[in-house]
Amino acid sequence: MARSPLTLAASVTSALPEAVVVGVSELTEGAGGRFDSAVVRLDDDRLLVVRVPADDTAEKELRDQAVALRALTPGVLGQLRMTAPRMIGETTVDGRFAAVTDFVAGYRVDAAEVPAGRGVATAIGQALAAVHALPASVVSGDGLTVQSPEQVRQSVSRLLDRVAALHRIPVSLLSRWSHAAAADHLWRFESTVILGGASSDAFLLEDSDGEPRVTGILDWHGLAVGDPALDLQWLSSAPTAALDVFDAYTQASVRAPDAGIHGRARLYAELEFAKWLVHGDDIGSDEIVADAVGLLTALADSVQDDDLTRTQSIEIDDALARAGRVPEVRLAADTSMQTDAYDPDELGAFEESDAGRGHDQQTDSFDETGAIALDEQADGGATVPVDMGEWIRQDASEADERAADNR
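Residue numbering for the sequence shown follows my numbering, beginning at 62 and increasing consecutively.
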C-alpha cells in the first residue's frame with residue numbers, strides 16, 4: 062500500500078530533527094510504484110524530496126544512489142557545470158531505508174520524444190561526454206564498482222551462457238551476440254566514469270536564450286567506472302535523435318576514439334530482451350518468458366543481415382525500439398543498472414504553480430500557517446486541513462518506534 066504524503070513528511074522530521082515542515086505535495090515518479098515520494102517544504106522555504114522504496118530491489122537502488130550522491134563533491138559538480146540532488150538526511154520508514162534530498166528543478170524529455178537536430182539531443186550528448194571525462198578517482202575513491210574492458214566483456218559472456226542454457230532464444234540471435242562478444246576489436250575501449258545505463262530522463266534541462274541546456278542529472282545510482290557505451294544504449298528508443306546525440310557526444314569527448322562504441326551500445330540494448338527472459342525464468346513467470354521470447358523472435362527477424370561487429374552508426378528498427386517498454390532488471394551477470402527519475406510533468410507543474418503564487422501566499426498544497434489540505438478525500442467529500450505540528454510529532458514518534466522494533 063502506498064504511503065501518504067503526510068507519512069513521508071513525518072519521515073523528514075525523523076531524518077532532520079530540527080526541520081519544521083510547513084507543506085507537502087505528492088511527487089509522482091513514473092517508477093512503476095517502486096518508490097513512494099513527496100516534495101516537502103520547510104519553514105525556510107527549502108524544498109526537499111523524500112523517497113521510500115517499495116521492495117528490496119528499489120531499496121538497493123536507493124542506497125546506491127545515496128552512496129553515489131555523497132561521492133559528488135562540489136568540485137566534481139563544478140567540473141561538470143551541472144547540479145545533482147544533495148543528500149540531506151536518511152531515516153527508516155517501516156523498516157525501509159528512506160532518503161531525503163534537496164529538490165532540483167528542470168524539465169526532462171522522454172527518449173522517444175527527443176527531437177533531431179541541435180537542441181535537446183546535442184545538450185544530452187555533450188552532458189554525457191562531460192560525465193565520461195570525469196577522473197576515475199571520483200568513483201574508485203568511494204568503493205563503487207570499477208570494471209575493466211575485459212571484466213565488462215566477461216559479464217556479457219556470462220549473460221549469454223545463462224541465456225543459451227534456457228534454450229528459448231533463436232539460434233541466429235545467440236550466434237550474433239556470441240560473435241560480437243568474441244570480436245576483440247569491439248572491446249578495445251577505455252573505461253570511464255559512467256552513469257551505468259541512465260536514459261534521457263536522467264537529464265534535467267532548462268532553456269537559455271531559447272536553446273536547451275542540461276543543468277542537472279537526477280539518476281546516479283549506477284555510478285561506476287565501466288563501458289561508456291552503457292550510457293548510450295537508450296538511443297535504441299530515440300529513433301529520430303540517435304545520430305545527433307552520438308555526433309554531439311563524439312565531438313565533445315576528450316577520450317581516445319572508440320570505433321566499437323556504436324556496436325556495443327546496440328548490443329546492450331538488444332541484451333535487455335535477454336535479461337527480460339532470464340528474469341522471467343528466475344521468478345517462474347510464464348507470461349514474462351513468453352513476452353520475452355516473442356520480442357527476441359521479432360528482433361532476430363529484423364537483424365538477419367546486420368553484423369554488430371561492423372556497425373558504425375546506430376540503426377533503429379521497430380523491434381529494437383520496443384526495448385523502451387521492457388522493464389530493466391538486475392541480474393547476477395547484468396551489464397547495466399536500473400534507472401528511475403522524477404516525472405517531468407509533475408515537477409514542471411509543481412515548480413510552475415509555486416513560482417506563480419509566490420511563497421507568501423496560500424496554495425492548495427502549502428499553507429504558511431502550518432495547516433495543509435491534500436487531495437485525499439474521504440467518501441468523496443472535501444479535503445480536510447491537517448494540523449501538521451501535532452500530526453508530525455505523533456507520526457515521527459511512531460516511525461521511531463517502528464525503526465527500533467526493526468532493529
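Every residue, glycine too, gets a C-beta built ideally from N, C-alpha and C.
| query | result |
| --- | --- |
| DSSP-derived helix/strand/coil call for V317 | The identity of residue 317 in the sequence shown is Ala, whereas the question assumes Val. Three-state DSSP puts A317 in coil, outside helix and strand. |
| Boundaries of the beta strand (DSSP E) in which A159 is found, first to last residue | 157 to 163 |
| Option nearest A160 by Cα separation, candidates A172, P146, V170 | P146 |
| Reference R131, options D106, V199, E348, G186, closest by Cα | V199 |
| Best match in L103, H193, S98, P135 for proximity to A119 [C-alpha to C-alpha] | S98 |
| DSSP state of R112 mapped onto helix, strand, coil | strand |
| Three or more C-beta pairs below 8 Å linking the stretch 295 to 308 and the stretch 257 to 264 | yes |
| Residue span of the beta strand (DSSP E) that contains R131, given as start and end | Per DSSP, R131 belongs to no beta strand (DSSP E); it is in the alpha helix (DSSP H), 117 to 132. |
| Residue range of the alpha helix (DSSP H) that includes T358 | 347 to 363 |
| Status (buried if at least 16 other CB within 10 Å, exposed otherwise) for V350 | buried |
| Buried versus exposed call for G136 [16 or more other C-beta atoms within 10 Å across all chains shown] | exposed |
| DSSP-derived helix/strand/coil call for T444 | Any reading at T444 needs caution, since the residue's pLDDT is 30, under 50, leaving its predicted position unreliable; the model's value is listed next. In the structure shown, T444 sits in coil (DSSP, three-state: anything other than H, G, I, E or B). |
| Exposed unless 16 or more other CB atoms sit within 10 angstroms - verdict on G545 | Residue 545 lies beyond the range of the chain shown here (62 to 468); nothing can be said about it. |
| Whole runs of the beta strand (DSSP E) within the stretch 186 to 258, excluding any shorter than 3 residues | 253 to 255 |
| Reference V306, options E331, P114, V175, closest by Cα | V175 |
| Simplified DSSP assignment, three categories, for P176 | coil |
| Cβ-Cβ separation, L279 to V165 (assumed contact under 8 Å), whole Å | 7 Å |
| Euclidean distance between Cα positions of D53 and G180 | Nothing about residue 53 can be read from this structure; the chain reaches only from 62 to 468. |
| C-beta atoms of S214 and W248 nearer than 8 Å | Inspection of the sequence shows that residue 214 is occupied by Arg rather than by Ser. In contact: R214 and W248 (Cβ atoms closer than 8 Å). |
| Simplified DSSP assignment, three categories, for R327 | helix |
| Distance CB(V83)-CB(T162) smaller than 8 Å | no |
| Backbone secondary structure at I149 - three-state DSSP | strand |
| G139 burial status per 10 Å Cβ neighbour count (16 or more: buried) | exposed |
| Pairwise C-alpha distance: L227 and L67 | 47 Å |
| Residue nearest to F96 in terms of C-alpha spacing, selected from R124, A80, V254 | R124 |
| DSSP three-state assignment for E79, whether helix, strand or coil | coil |
| A225 vs L235 beta-carbon contact at 8 Å | yes |
| Start and end residues, beta strand (DSSP E) containing V101 | 96 to 103 |
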